[in-house]
Each structure stands twice: as C-alpha cells, then as structure tokens.
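Remarks on the structure that follows.
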Amino acid sequence: MKMIILQDILYVSLLIGLSIPLGIYIYKVMTGQNVFLTPILSPVESGIYKLMGVKCDEEMGAKRYALSVLVFSGIGFIFLWLMQMLQGILPFHEAGIKGTSWHLAFNTAASFVSNTNWQAYSGETGMTYFTQFTGLTVQNFVSAATGIAVVFALIRGLVAKEKKTIGSFWVDLTRTTLYVLLPLPMVLAIVLVSQGVVQTFGPYKEVAMVENGAVQTIPLGPAASQIAIKQLGTNGGGFFGANSAFPLENPTALSNLLQVLSILLIPASLCVSFGKAVKDSSQGRVIYLVMMFFFAVSLIAVTASEQFTAPYFVGAAASANMEGKEVIHGAGASSLWAVATTAASNGSVNSMHDSFTPLGGMVLMFLMQLGEIVFGGVGSGLYGMLAFVLLTVFIAGLMVGRTPEYLGKKVEPYDMKIVCLLVLVPPLVTLIGTAAAVSMPAASSWLTNSGAHGFSEILYAFTSMGNNNGSAFSGFNADTVFTNLTGGIIMLLARFLPMTAAIYLAGNMAGKKTVAGGEGTLSTSNAMFAGLLIGVIFIIGALSFLPALALGPIADYFTM
Amino acid sequence: MMGKTNILRPAFICFCVMTVLCGILYTAAITGIAQILFPKQANGSMITVTLKDGSKKEYGSELIAQEFTKPEYLIGRPMGTSNLSPIGKEQKDLVQERIEWWHSIDPENTAKIPMDLITASGSGADPHISPEAAQYQTARIARERNISEDAVKALIEKYTTEPFLGIWGERAVNVLKVNLALDGLL
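Encoded structure:
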C-alpha cells in the first residue's frame with residue numbers, strides 16, 4: 001500500500017509539473033504567437049491554408065464556426081463509415097479481414113468522430129491495418145483537435161469585447177494539429193516502441209507453442225503510432241481488442257506510466273491555458289483544483305476498494321483484487337489508470353473494469369456520469385466544466401439577488417438556456433439509452449454476469465457512450481444492431497449538441513460588453529467558489545444517477 | 561453572404577490534408593524510425609533461439625503468454641479473460657476449480673495459492689506472474705526435473721523485472737523465458 005501511495009504521488013507531481021509548461025505552450029499556439037516549432041511548421045501551415053483557400057485572419061461568427069465543425073465532422077463520419085464496409089477490397093487486407101456490417105461501421109464511425117472510441121469490434125480480428133491508420137488514427141487526431149478548437153472559441157468569446165466573431169475553425173484545427181497533436185505523439189510513439197509496443201506493416205506471426213506445439217498467432221500492426229494519439233487525444237480506442245491491458249499495446253511499467261500520464265496531460269494543461277488566456281491565472285487554478293479534488297477522492301476510493309475489498313477464497317492467499325488485472329500493473333497502477341481514463345473521457349483500459357469490485361466500478365461509472373468534466377475530453381472537458389461554472393455563478397447570483405457575472409460578462413437567460421443544454425444532454429441520452437436497452441427482450445443474452453452486476457454492464461455501456469468515454473464493462477456484448485444503432489446516435493448527440501451549444505455560447509458572450517467588477521461581485525477564484533462548484537457538480541450528477549446506481553453497483557455490493 | 565461551398569470546400573480539403581498528414585505520413589514516419597531504431601521491439605519482441613545445427617527458431621513473443629500445464633514447467637495465469645464480477649457466483653465456482661487443479665498437480669504443496677495464479681488477467685495473455693507465484697512452484701519444478709531448488713530460484717530471479725525507478729509497477733516474472741531457460745534453450 002505504501003508503494004501505491006508513492007506511485008500516486010509520483011503521478012500527480014509529474015502531471016502538475018508537465019501541465020504548466022504545456023499549458024502555456026498551448027496558449028501561445030492558440031493565440032497565434034510564435035513558439036519554438038514556428039520556423040519549421042509555419043511554411044506547412046500556410047501551405048495548408050492556401051490549399052483550403054482560407055485566410056488565416058478571416059474570423060467566423062458562431063453560426064459559421066458551428067457549421068464548419070459539423071460539416072468537417074460529417075465528412076469524416078461518412079468516409080470512415082464507408083471505409084470499414086469496404087476494407088475487404090482496400091489495401092492491407094491480408095489477415096483475411098472482411099468488411100464490417102453496416103451497423104457496426106455506423107457505430108464505430110460515430111464513435112471515433114465523436115472522440116468516444118467505444119469499440120464494438122476487436123482490432124486484431126475486425127479492422128485491417130489500412131482502416132486503422134488511414135481511418136481511425138486520423139479521427140483520433142481531428143476529433144481531439146476539434147475539441148481544443150471549440151474550447152478556445154469559447155475562451156475567445158469570454159474575453160472579447162462586443163465582437164461578432166470567435167476565431168476561425170480552420171485555423172484553430174490546423175494549428176492544434178500541427179503544433180500540439182502531431183509533435184507530442186511522435187515522441188511518445190517512439191518511446192513506446194522502445195518498450196515493446198509493435199509498429200510494423202508486416203503480417204501477423206505464427207509460432208508453435210513450447211509445451212504443446214499448438215499454433216499461436218501474434219497480432220502485429222502499426223500500433224504505437226495510434227496508441228500515442230489515442231492517449232494524448234483522450235480518444236482511448238485500442239489498436240488491439242484488450243486495449244492497453246494487452247502486452248503488445250502496453251508492455252512495461254514505463255510504458256504504463258507514460259500512457260496513463262498522457263491521458264490527463266492535455267486536459268490538465270488546458271486549465272493552465274485558460275488562466276493565461278483570460279489574463280487571470282487564478283481562474284484557471286480554481287478549475288484545475290476542483291478537477292483535481294474529484295480525481296483525488298475517486299482515486300482513493302477505487303484504490304481502497306480494489307486493495308481491501310477483494311473476496312477471500314479458501315486455499316488462496318489473501319490479496320488485492322487481481323481478476324482482470326495484469327501482474328506488472330497490480331491493483332495500484334490499474335486503479336490509477338481506471339480513474340484517469342474515466343475522469344478524462346479517454347476510455348482506454350489497462351485492466352477489465354467489469355471485474356472491479358462493485359464500489360470501485362461504481363466510482364468509475366459516476367466519474368463519467370458527472371459529464372466528463374473532471375479533466376474530461378481534450379477541450380470538451382473544459383467547455384463542459386465552464387458550463388458548470390456558469391451554472392454555479394447563476395445559482396449563487398440567485399441566492400444573493402444580483403445579476404450573475406463571470407469574467408466581467410453578465411450571464412443572462414439565453415446563456416443559461418445554452419448551459420442547460422450543455423449540462424443536461426449527456427445524462428438524458430444516457431438514461432434514455434439504458435432504459436431502452438433494459439426493455440429489450442434480448443437484453444439478458446448480451447450479458448456475461450447475472451443479477452445486479454448484469455444491470456451494471458448495461459448502465460456502464462450507455463454511460464460510456466452517453467458521455468463520450470468509450471470504456472466498457474466488456475462482458476457486455478455490444479455488437480448487436482440495437483446497441484450499434486442507438487449507441488451510435490447517442491454518441492453523436494452527446495458530442496455535437498453540447499459542442500454546438502458551446503460555440504453559440506461563445507458567440508453570445510463575444511457580443512457582450514465587459515463590466516467592471518464591483519464590491520458585491522461574486523469572486524470566481526476563491527475557495528468558497530470552488531466549494532460551491534464542487535457542490536453543484538456533485539448534486540447534478542447524484543440527482544441524475546443515484547437511482548440507477550442503486551439498482552446496479554450498490555445492489556451488487558449489498559448482495560455480496 | 562455565406563455560400564455552402566464556402567464551408568464544404570475547405571472542409572473537404574482539410575479532411576484530405578489531415579488524412580495524408582496524420583494518417584499516412586505520420587504512421588509511415590513512425591514505422592520507419594521504429595524499424596531502424598528498435599527492430600526487435602517493433603516486430604513483436606520475438607524470442608529467437610539459435611539451435612545446435614545453426615538454424616534459428618522463433619519460440620514465441622516474450623510479451624505474450626503461452627499455455628503451460630505440465631508440472632515440470634513454471635505455470636502462468638489462466639489463459640483468456642473472464643470479465644466476471646470478482647464477487648459473483650460464477651467467479652467463485654471458477655476459482656474453486658482452479659484451486660483444485662493446482663492441488664491436483666502438486667498434492668504435497670499445502671501453501672496458500674497466490675491470487676494471480678487463480679484469476680484471469682485483463683489481456684488474457686499476461687506473460688508475467690508475481691514472484692510469490694513463482695516461489696509457490698519452485699519445489700515442484702525442482703523435484704520434477706531433478707535439479708536443485710536454488711537452480712530454479714536463480715533462473716526465476718534472472719527473469720524477474722523490477723519496478724520502474726524502484727516504485728512504479730510491480731515485480732514480475734516472465735514465465736516463457738524461465739521455461740525456455742529450464743529447457744536449456746535460453
């Protein structure tokens with residue numbers, strides 16, 4: 001246990017230490033300043049603008065920005081949908097992999113375009129190398145870039161004074177990709193390969209096993225390149241079916257540390273960028289602290305549950321819960337990863353969440369149900385959190401009877417309607433999806449576990465899709481027409497409704513004038529505000545999901 | 561003021577550029593660098609043994625578990641994943657079966673069985689077991705092979721990896737490597 005505490009302290013220290021310089025770097029990139037990569041990348045950047053036929057100083061209003069996001073994502077969606085169905089006749093189909101069914105392709109396309117990376121397929125048997133790197137890897141990059149672009153549009157809206165525009169989506173997308181999302185994974189991917197993550201276009205290998213001579217297939221592929229961006233872009237979709245539990249995807253203690261660090265790195269850095277961009281670091285710090293608070297509490301709860309509440313078997317040595325966990329990661333690094341991946345909307349796993357203890361599994365579910373705002377997805381986590389900040393400002397304003405203000409901008413009814421959309425869409429689609437699945441006659445045949453834990457498998461699946469996380473209680477058989485279709489629609493709604501709302505919020509905020517704060521203005525950077533914000537997040541999450549959690553993990557715990 | 565082509569054209573071109581840049585060029589660059597700098601790791605960390613007649617043979621990947629069931633080998637974790645709840649009845653029955661199996665191949669051993677030997681891993685192909693799980697099996701392997709326990713322990717020690725920086729991760733024994741060494745192949 002002492003070791004685990006040390007591991008967690010090392011992790012949090014590294015995360016905070018790295019997020020500050022990276023946050024400042026991202027701020028500079030997104031405000032058009034020169035950085036050390038500018039001399040190399042600016043010719044590429046201007047070349048791309050020229051090809052697209054856009055000018056880098058041509059800004060957009062909210063409507064145009066939102067349409068650009070939707071059209072760009074729509075093209076990616078259609079392209080990926082078709083590519084999967086046609087992969088049997090496209091290059092690199094040597095492993096005998098055929099085109100997928102239309103509904104699985106629909107689900108996977110929705111999943112990767114929405115930065116969810118829910119996987120109803122298994123990489124080594126379901127997708128060709130070609131689909132993986134020209135289809136899935138590309139969405140790993142651009143869906144992450146879209147998230148970062150939109151949060152900066154919102155930040156510009158908050159900072160601007162009586163402006164009609166919030167930046168250019170094409171410039172935001174290009175700069176994020178070139179300066180942030182491409183360089184980081186290049187370094188990470190090479191280090192991962194040095195640890196044993198595979199990176200080749202060569203075919204799968206077959207060996208005769210030592211004891212019985214039976215043939216074992218070793219799946220290979222261009223994995224490290226995709227895994228690096230899957231972690232850094234809070235995507236989470238594994239190259240192989242078992243994700244980062246699979247040794248060829250995450251072979252050593254060091255590869256595990258780097259990957260789990262990458263999960264939270266950019267979302268945490270964006271809090272720092274936010275503080276810089278609004279010219280008040282304490283505003284970023286308060287958000288960072290609130291996120292860290294939820295993260296730390298969850299980490300302690302899950303680790304303790306895995307370490308101390310494992311069942312006892314007669315004849316076996318008492319130990320932590322090792323079902324579904326790898327020996328080199330143990331209960332400590334597995335719990336840490338599980339909390340990081342559900343706090344961020346990453347969804348990659350290095351252990352099987354289905355086999356976590358009931359209370360451990362419940363915390364993971366609840367972290368997603370909070371709306372993926374505890375660090376959350378790259379960009380989307382921060383704009384989701386800013387919606388909760390505005391909600392808190394509004395509620396506090398009601399309590400003292402003053403017009404609520406945030407960063408000198410009045411928060412008015414139109415803004416609150418948008419905030420409600422941002423906050424309520426994920427829980428709504430999650431609960432509707434779960435209810436629909438449970439009422440399907442075939443539902444029980446999709447499950448591995450019986451009883452309350454079986455219900456948890458369904459609740460987890462729709463929580464994961466409804467909050468764009470992508471991890472699973474993998475006992476749930478996801479590849480059915482019903483789940484592929486409803487899940488695909490849910491992922492798209494949970495991603496693009498709040499995202500469009502955030503862009504319109506940005507547009508509306510940009511048009512307002514800034515008012516100077518007075519004596520009675522509620523401070524949004526002190527401990528009292530942090531406490532209020534924590535309370536609001538917790539109450540909304542708990543009110544939405546306690547009844548469902550009671551039927552699943554809580555019932556599971558009490559029947560053990 | 562805002563024609564549709566005004567958005568469609570940049571969107572389509574942007575998507576094509578990103579596909580070439582982030583899909584094809586990025587993947588190709590990483591593959592090229594990986595194959596030059598780390599050819600062994602990039603191709604699956606295969607264990608290749610030069611046999612007595614000079615030919616080379618691949619015995620497997622050091623990162624993927626192989627199934628061992630005979631008492632003279634170090635035996636790894638159960639193959640495959642279960643996704644079972646750790647407290648469910650299905651799991652309890654399965655673990656009970658595994659405990660009985662361990663007792664059947666080594667009836668003299670009355671020590672408590674380490675948890676990793678009776679639970680499935682997340683990957684279903686965990687190449688490692690804990691040092692305690694290896695320790696549990698040393699007497700049996702030594703007896704079956706007519707070698708000293710110290711010789712078995714030395715091999716296990718040799719193929720045990722330490723945590724990164726001494727604190728990150730857990731100590732773990734590579735089962736396949738120990739077995740190849742026991743067979744005199746490594």
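For the record, the sequence lines run as chains A and B.
The first sequence begins at 1 in this note's numbering and counts up one residue at a time.
The second sequence begins at 561 in this note's numbering and counts up one residue at a time.
Each residue gets a CB set at the ideal place from its N, CA and C atoms; glycine is no exception.
Residue j beta carbon less than 8 Å from that of residue i
{"i": "lysine 279 (chain A)", "j": "lysine 409 (chain A)", "result": "no"}
{"i": "proline 267 (chain A)", "j": "leucine 37 (chain A)", "result": "no"}
{"i": "serine 114 (chain A)", "j": "arginine 495 (chain A)", "result": "yes"}
{"i": "valine 180 (chain A)", "j": "serine 255 (chain A)", "result": "no"}
{"i": "threonine 587 (chain B)", "j": "threonine 137 (chain A)", "result": "yes"}
{"i": "alanine 627 (chain A)", "j": "alanine 224 (chain A)", "result": "In the structure as shown, chain A begins at 1 and stops at 560. Residue 627 (chain A) is therefore absent and cannot be evaluated."}
{"i": "valine 215 (chain A)", "j": "phenylalanine 295 (chain A)", "result": "no"}
{"i": "threonine 108 (chain A)", "j": "tyrosine 121 (chain A)", "result": "yes"}
{"i": "arginine 637 (chain B)", "j": "isoleucine 689 (chain B)", "result": "yes"}
{"i": "alanine 510 (chain A)", "j": "arginine 64 (chain A)", "result": "no"}
{"i": "tyrosine 619 (chain B)", "j": "leucine 740 (chain B)", "result": "yes"}
{"i": "leucine 551 (chain A)", "j": "phenylalanine 455 (chain A)", "result": "yes"}
{"i": "alanine 149 (chain A)", "j": "phenylalanine 724 (chain B)", "result": "no"}
{"i": "threonine 303 (chain A)", "j": "threonine 357 (chain A)", "result": "no"}
{"i": "isoleucine 727 (chain B)", "j": "methionine 528 (chain A)", "result": "no"}
{"i": "serine 348 (chain A)", "j": "glycine 488 (chain A)", "result": "no"}
{"i": "proline 691 (chain B)", "j": "valine 733 (chain B)", "result": "yes"}
{"i": "glutamine 369 (chain A)", "j": "threonine 430 (chain A)", "result": "yes"}
{"i": "alanine 320 (chain A)", "j": "glutamate 306 (chain A)", "result": "yes"}
{"i": "isoleucine 564 (chain A)", "j": "valine 272 (chain A)", "result": "Because chain A spans 1 through 560 in this model, residue 564 (chain A) falls outside it and cannot be assessed."}
{"i": "aspartate 354 (chain A)", "j": "glutamate 457 (chain A)", "result": "yes"}
Per-residue contacts from residue i into chain B (C-beta, under 9 Å)
{"i": "serine 453 (chain A)", "result": "Strictly speaking, residue 453 (chain A) in this sequence is histidine, with serine absent from that position. Those are Leu644, Ser645, Ile647, Gly648, listed as they occur along chain B."}
{"i": "serine 355 (chain A)", "result": "Thr641, Ser642, Asn643, Leu644, Ser645, Pro646, Gln651, Thr679, Ala680, Gly682"}
{"i": "leucine 458 (chain A)", "result": "The question names leucine, but residue 458 (chain A) in the sequence shown is isoleucine. In chain order: nothing, as chain B lies at least about 14 Å away."}
{"i": "isoleucine 259 (chain A)", "result": "Note that residue 259 (chain A) corresponds to glutamine in the displayed sequence, not to isoleucine. Chain B residues near glutamine 259 (chain A): none, gap ~12 Å exceeds 9 Å."}
Per-residue contacts from residue i into chain A (C-beta, under 7 Å)
{"i": "threonine 587 (chain B)", "result": "Phe133, Thr137, Pro222, Ser225"}
{"i": "lysine 672 (chain B)", "result": "Gly315, Ala316, Ala317"}
{"i": "tyrosine 619 (chain B)", "result": "Val207, Val210"}
{"i": "proline 723 (chain B)", "result": "Ala253"}
Closer than 8 Å at the beta carbon, the chain B residues around residue i
{"i": "phenylalanine 72 (chain A)", "result": "Ala571, Cys574, Phe575"}
{"i": "glutamine 216 (chain A)", "result": "Gly620, Ile624, Gln626"}
{"i": "asparagine 449 (chain A)", "result": "Asn643, Leu644, Ser645, Gly648, Glu650"}
{"i": "histidine 329 (chain A)", "result": "Gly729, Glu730"}
Contacts of residue i in chain A (Cβ-Cβ under 9 Å)
{"i": "asparagine 706 (chain B)", "result": "Correct list: empty, because the minimum Cβ distance to chain A is about 19 Å."}
{"i": "threonine 629 (chain B)", "result": "Glu211, Asn212"}
{"i": "tyrosine 633 (chain B)", "result": "Val210, Glu211"}
Partners in chain A for residue i, counting only beta-carbon separations shorter than 8 Å
{"i": "leucine 740 (chain B)", "result": "Val210"}
{"i": "glutamine 595 (chain B)", "result": "Gln199, Thr200"}
{"i": "glutamate 668 (chain B)", "result": "In chain order: nothing, as chain A lies at least about 14 Å away."}
{"i": "threonine 591 (chain B)", "result": "Gln199, Thr200, Phe201, Pro222, Ser225"}
In DSSP terms, what residue i is bridged to
{"i": "glycine 785 (chain B)", "result": "Because residue 785 (chain B) is not part of the residues shown, which for chain B are 561 to 746, the question remains open."}
{"i": "valine 215 (chain A)", "result": "A:Ala208"}
{"i": "threonine 174 (chain A)", "result": "Threonine 174 (chain A) pairs with nothing; no bridge assigned."}
{"i": "isoleucine 673 (chain B)", "result": "A:Ala316"}
{"i": "histidine 688 (chain B)", "result": "B:Asn734"}
{"i": "glutamine 369 (chain A)", "result": "Bridge partners of glutamine 369 (chain A): none, in fact."}
{"i": "tryptophan 728 (chain B)", "result": "B:Phe724"}
{"i": "proline 222 (chain A)", "result": "A:Gln199"}
Chain B residues whose Cβ lies nearer than 7 Å to that of residue i
{"i": "leucine 22 (chain A)", "result": "Going along chain B, no residue has its Cβ under 7 Å from leucine 22 (chain A), so there is no contact; the nearest lies around 20 Å."}
{"i": "leucine 67 (chain A)", "result": "Ile567"}
For this session: Would you check if the stretch 226-233 of chain A and the stretch 617-637 of chain B touch, i.e. whether three or more CB-CB distances between them fall below 8 Å?
Result: no
For this session: Could you tell me whether the stretch 87-98 of chain A touches the stretch 446-454 of chain A, using the rule of 3 or more Cβ pairs below 8 Å?
Result: no
For this session: Mind checking the stretch 41-65 of chain A against chain B and listing, in chain order, the residues whose C-beta falls within less than 7 Å of any C-beta there?
Result: Ile48, Leu51, Met52, Gly53, Val54, Arg64
Exercise. Using a Cβ cut-off of 7 Å, which residues of the stretch 300-318 of chain A contact any Cβ in chain B, in chain order?
Worked result: Ala310, Pro311, Phe313, Gly315, Ala316, Ala317
Exercise. Are at least three pairs of beta-carbons, each pair with one atom in the stretch 160-175 of chain A and one in the stretch 287-302 of chain A, less than 8 Å apart?
Worked result: no
Exercise. Using a beta-carbon distance cut-off of less than 7 Å, what residues from the stretch 480-501 of chain A approach chain B?
Worked result: none
For this session: Determine contact between the stretch 595-602 of chain B and the stretch 188-204 of chain A, defined as no fewer than three beta-carbon pairs at a distance below 8 Å.
Result: yes
Exercise. On the three-pair Cβ rule with 8 Å, is the stretch 413-421 of chain A touching the stretch 383-402 of chain A?
Worked result: Judged by Cβ distances under 8 Å, the stretch 413-421 of chain A makes contact with the stretch 383-402 of chain A, as three or more pairs qualify.
For this session: Quick one: which residues of the stretch 224-250 of chain A get their C-beta closer than 7 Å to a C-beta of chain B? List them in chain order.
Result: Ala224, Ser225, Ala242, Ala245, Phe246, Pro247, Leu248
Problem set entry | Inter-stretch contact (C-beta, 8 Å, three-pair minimum) for the stretch 631-646 of chain B and the stretch 668-687 of chain B | yes
Exercise. Counting Cβ pairs closer than 8 Å, one from the stretch 690-708 of chain B and one from the stretch 656-669 of chain B, do we hit at least three?
Worked result: yes
For this session: Return the residues of the stretch 138-153 of chain A that lie within a Cβ-Cβ distance of less than 7 Å from chain B, sorted by chain order.
Result: Val138, Phe141, Val142
For this session: Check distances from the C-beta atoms of the stretch 600-617 of chain B to those of chain A and list, in chain order, the residues that come in under 8 Å.
Result: Gln601, Ala602, Asn603, Gly604, Ser605, Met606
Exercise. When Cβ atoms are compared, which residues of the stretch 336-369 of chain A fall closer than 8 Å to chain B?
Worked result: Val349, Asn350, Ser351, Met352, Asp354, Ser355, Phe356, Thr357, Pro358
For this session: Check distances from the C-beta atoms of the stretch 654-665 of chain B to those of chain A and list, in chain order, the residues that come in under 8 Å.
Result: Val655, Gln656, Ile659, His663
Exercise. For the stretch 502-525 of chain A, which residues have a beta carbon sitting closer than 7 Å to at least one beta carbon of chain B?
Worked result: Flagged: no residues at all.
For this session: Note down, in chain order, all residues in the stretch 76-90 of chain A with a beta-carbon under 8 Å from any beta-carbon belonging to chain B.
Result: Gly76, Phe79
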